[in-house]
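Written below as structure tokens is the structure these notes are about.
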Amino acid sequence: MTAEETKRELMRKRIPWQFWESKAISHFRIKRNISFPATGCQKLIEVNDEQKLHTFYEKRMATEVAADALGEEWKGYVVRISGGNDKQGFPMKQGVLTHGRVRLLLSKGHSCYRPRRTGERKHKSVRGCIVNANLSVLNLVIVKKGKKDIPDSLILLCLVAKRASRIHKLFNLSKDDVRQNDVRQYVVRKPLNKGKKPRTKAPKIHHLVTPCVLQHKCQRIALKKQRTKKNKEEAAEYAKLLATIKKAKGKRQEQIVNRRRLSSLRASTSKSESNKK
Numbered sequence: 001m002t003a004e005e006t007k008r009e010l011m012r013k014r015i016p017w018q019f020w021e022s023k024a025i026s027h028f029r030i031k032r033n034i035s036f037p038a039t040g041c042q043k044l045i046e047v048n049d050e051q052k053l054h055t056f057y058e059k060r061m062a063t064e065v066a067a068d069a070l071g072e073e074w075k076g077y078v079v080r081i082s083g084g085n086d087k088q089g090f091p092m093k094q095g096v097l098t099h100g101r102v103r104l105l106l107s108k109g110h111s112c113y114r115p116r117r118t119g120e121r122k123h124k125s126v127r128g129c130i131v132n133a134n135l136s137v138l139n140l141v142i143v144k145k146g147k148k149d150i151p152d153s154l155i156l157l158c159l160v161a162k163r164a165s166r167i168h169k170l171f172n173l174s175k176d177d178v179r180q181n182d183v184r185q186y187v188v189r190k191p192l193n194k195g196k197k198p199r200t201k202a203p204k205i206h207h208l209v210t211p212c213v214l215q216h217k218c219q220r221i222a223l224k225k226q227r228t229k230k231n232k233e234e235a236a237e238y239a240k241l242l243a244t245i246k247k248a249k250g251k252r253q254e255q256i257v258n259r260r261r262l263s264s265l266r267a268s269t270s271k272s273e274s275n276k277k
């Protein structure tokens with residue numbers, strides 16, 4: 001019976017997860033997540049032999065351990081225990097001096113917890129900082145490299161500057177050099193298509209200034225000037241049209257006022273004449 005089958009059986013019997021570790025799991029399997037900060041490489045290996053992992057048992061987080069027990073290829077390596085997760089996914093927490101699980105009240109600034117609201121605190125289950133056989137993944141960081149390289153396929157890393165100004169600083173390029181030479185030739189290119197036609201891939205350079213970019217910039221400035229000029233001309237025409245409309249409206253209002261005045265005078269004269277008769 002595998003670990004997954006055992007887990008399903010325990011869930012079917014409605015046994016709480018707090019008591020899962022006390023049940024015997026017949027299949028032993030622990031993963032080791034080993035990282036090398038000097039190169040940025042990371043490797044996940046699966047260990048089925050418990051004898052190889054006895055050197056890590058009862059060790060605390062941040063302890064440096066010799067990795068000779070993992071195999072001949074790891075001879076001379078020294079690794080530091082940086083953390084891990086148990087079979088139910090609960091993480092190890094530094095400072096909790098136990099190899100079991102505890103429930104802590106965590107807030108902002110604590111590891112293994114990210115608050116969703118300001119000032120929020122929550123009870124979370126975490127595992128202690130002592131390594132034992134109930135872990136499913138153990139995170140290790142290489143502190144000292146051995147004689148042999150890590151057994152794995154070599155992947156070229158393009159961990160160089162991608163911004164143009166930083167490439168200038170990295171290779172100490174002056175403004176004259178930048179004008180004469182393109183910055184793209186200083187970027188590390190990555191080969192593609194094994195066994196096919198050789199091709200390379202380069203990362204995109206941010207804030208790269210080329211003649212094409214300068215041409216586009218000049219075009220944008222010219223278009224902006226054209227738009228402003230056109231807007232000014234249209235505004236002047238509209239103001240002129242508005243002035244003529246306003247003038248015509250004023251004349252019309254004046255005509256209406258004069259017409260009303262004349263009609264009122266006629267009405268008053270006709271009334272006075274009728275009164276005299």
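One point on numbering: in UniProt numbering, the residue at position 2 of the sequence shown is 2, and numbering is uninterrupted. Built from N, CA and C at the ideal position, the CB exists for glycine as well.
query: Residue span of the alpha helix (DSSP H) that contains residue 123, given as start and end; result: Element bounds for residue 123: not the alpha helix (DSSP H) but the beta strand (DSSP E), 122-127.
query: Where the beta strand (DSSP E) containing residue 44 begins and where it ends; result: 41-47
query: Which of helix, strand or coil DSSP assigns to residue 58; result: coil
query: Which of helix, strand or coil DSSP assigns to residue 95; result: coil
query: Close beta carbons around residue 163, own chain, < 6 Å, minus the five adjacent residues each side; result: 206, 207
query: Bounding residues of the alpha helix (DSSP H) (the contiguous stretch that carries residue 169); result: 164-170
query: In DSSP terms, what residue 35 is bridged to; result: 42, 141
query: Three or more C-beta pairs below 8 Å linking the stretch 236-243 and the stretch 192-211; result: no
query: Local conformation of residue 235 per DSSP, three classes; result: helix
query: Same chain only: Cβ atoms within 6 Å of residue 21, ignoring 5 sequence neighbours per side; result: Annotation note: pLDDT 49 at residue 21 (below 50); position unreliable, coordinate value reported separately. The answer, listed in chain order, is 134.
query: Bounding residues of the beta strand (DSSP E) (the contiguous stretch that carries residue 78); result: 78-86
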